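Peer 1: Add 1384 to the 1-based position in the sequence shown for the numbering used here, that's all there is to it.
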Amino acid sequence: MSAIALYAKPSPDFAEKLVHSLALLKTAAADYSPLTQASSLGAEDMVVTHLMHEAGLFDTAGVSIFVLDTGMLHAETVALIGRIEERYPVKVDVYRPDLETANAFVQANGSEAMYKSLALRKQCCHIRKMAPLARALAGKKGWLTGLRREQSAARAEVHDIEQQPERAKVNPLVEWTQGDIWHCISINAIPYNPLHDQFFPSIGCAPCTRAVTLGEDFRSGRWWWENESAKECGLHVAADGTHEAQEPAAFEPLSSIIPIREIQA
Ligand code: SF4
1385 MSAIALYAKP SPDFAEKLVH SLALLKTAAA DYSPLTQASS LGAEDMVVTH LMHEAGLFDT
1445 AGVSIFVLDT GMLHAETVAL IGRIEERYPV KVDVYRPDLE TANAFVQANG SEAMYKSLAL
1505 RKQCCHIRKM APLARALAGK KGWLTGLRRE QSAARAEVHD IEQQPERAKV NPLVEWTQGD
1565 IWHCISINAI PYNPLHDQFF PSIGCAPCTR AVTLGEDFRS GRWWWENESA KECGLHVAAD
1625 GTHEAQEPAA FEPLSSIIPI REIQA
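1. Near Asp1564, which residues of its chain fall below 6 Å by C-beta distance, leaving aside the five closest residues on each side in sequence?
2. Assign Pro1637 to one of two classes, buried (16 or more other C-beta atoms within 10 Å of its C-beta) or exposed (fewer than that).
3. Using DSSP with H/G/I as helix, E/B as strand and the rest coil, what is Asp1581?
4. Using the Cα positions of Ser1495 and Cys1508, report the straight-line distance between them to the nearest angstrom.
5. Among the candidates His1580, Arg1603, Gly1588, whose CA atom is the shortest distance from the CA of Tyr1391?
6. Going by other Cβ atoms of all chains shown within 10 Å of its Cβ, with 16 needed for buried, is Pro1556 buried or exposed?
7. Buried or exposed: where does Trp1609 fall if 16 or more other Cβ atoms within 10 Å of its Cβ makes it buried?
8. Give me the residue from Thr1593, Ile1545, Pro1578 with the minimum Cα distance to Ala1427.
9. Please go through the same chain and pick out, in chain order, the residues whose beta-carbon is closer than 8 Å to the beta-carbon of Ile1511, but skip the five residues on each side of it.
10. What is the rounded straight-line gap between the Cα of Ala1522 and the Cα of Leu1419?
11. Where does Tyr1479 land, buried or exposed, given buried means 16+ other C-beta within 10 angstroms?
12. Can you tell me whether Leu1425 is helix, strand or coil according to DSSP?
13. Identify whether Glu1600 lies in helix, strand or coil by the three-state DSSP scheme.
14. Assuming Ser1448 is part of the alpha helix (DSSP H), what are its boundary residues?
15. So what does Arg1606 bridge to, in DSSP terms?
16. Is the distance from the Cβ of Val1451 to the Cβ of Val1476 below 8 Å?
17. Locate the alpha helix (DSSP H) running through Lys1506, then write down its first and last residues.
18. Does the region 1454-1462 come within contact of the region 1586-1593, defined as at least 3 CB pairs closer than 8 Å?
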């Protein structure tokens, strides 16, 4: 059964939420330029990309989208980059981990290091996500996410705008339900990852994502071997582990900021 058939069910106040999200995006583009969307290519982020288009943000200078290609994503996930560029007037910037560092980690710890300990899993996330994220966010005044309060206990306190030391984190979907997300995808034919139709509600790297069964929590398919409190990769975890407001430290020198498109050119 498709994710749309399973989940699409708008809240009674969906129309108001939509108006609020579009207004927030316009405010963010005006107040926090250069503004970028950190897209995981999940359902929420596909909706944010669509709303950016609806709000006219792709006609606004200083607005961009980036994806962190960890080298461990499903092919279906990577394929969404091209589908975004076909559907919307935007080029997606792709950031990847430093190859030497990633290879050295695998040689030292094995290709399944993430299952061996929490420390190794976090080290892998640091190399493949956090360091590229720091490069992607360098110089930006604001970043957009698809965080929703409903997603997990750790995300229950997320606000529309969170002022971080170097930039604002803007979350236009905080009040949206899963039903709202899939309703929006359905009525606008927004492209989405076909893995969502195979009971993958939350999709990350292939080794760290599994399908869930009926009744399981939205994020139970992510790092399923860890306890609940550890289940974030670091992108949205605060220093006290209870709130999502911290931005990444700059782990690499700014000289290494090279969008993959430029490397491939
Ligand atoms: S989610 Fe898994 S594979 Fe991806 S960076 Fe983190 S530990 Fe590594």
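Just so you know, even glycine gets a beta-carbon here, dropped at the ideal spot from N, CA and C. Bear in mind the structure is a predicted one, so any value in this text is a computation, not a measurement.
Peer 2: Taking the structure as given:
1. Pro1394, Ser1395, Phe1398
2. For Pro1637, the predicted model reports a pLDDT of 29, less than 50, meaning its position is unreliable and no value from the coordinates is stated.
3. helix
4. 10 Å
5. His1580
6. buried
7. exposed
8. Pro1578
9. Pro1481, Asp1482, Thr1485, Ala1486, Phe1489
10. 11 Å
11. buried
12. coil
13. coil
14. Here Ser1448 belongs to no alpha helix (DSSP H); instead the beta strand (DSSP E) covers 1447-1452.
15. Thr1593
16. yes
17. 1502-1509
18. yes
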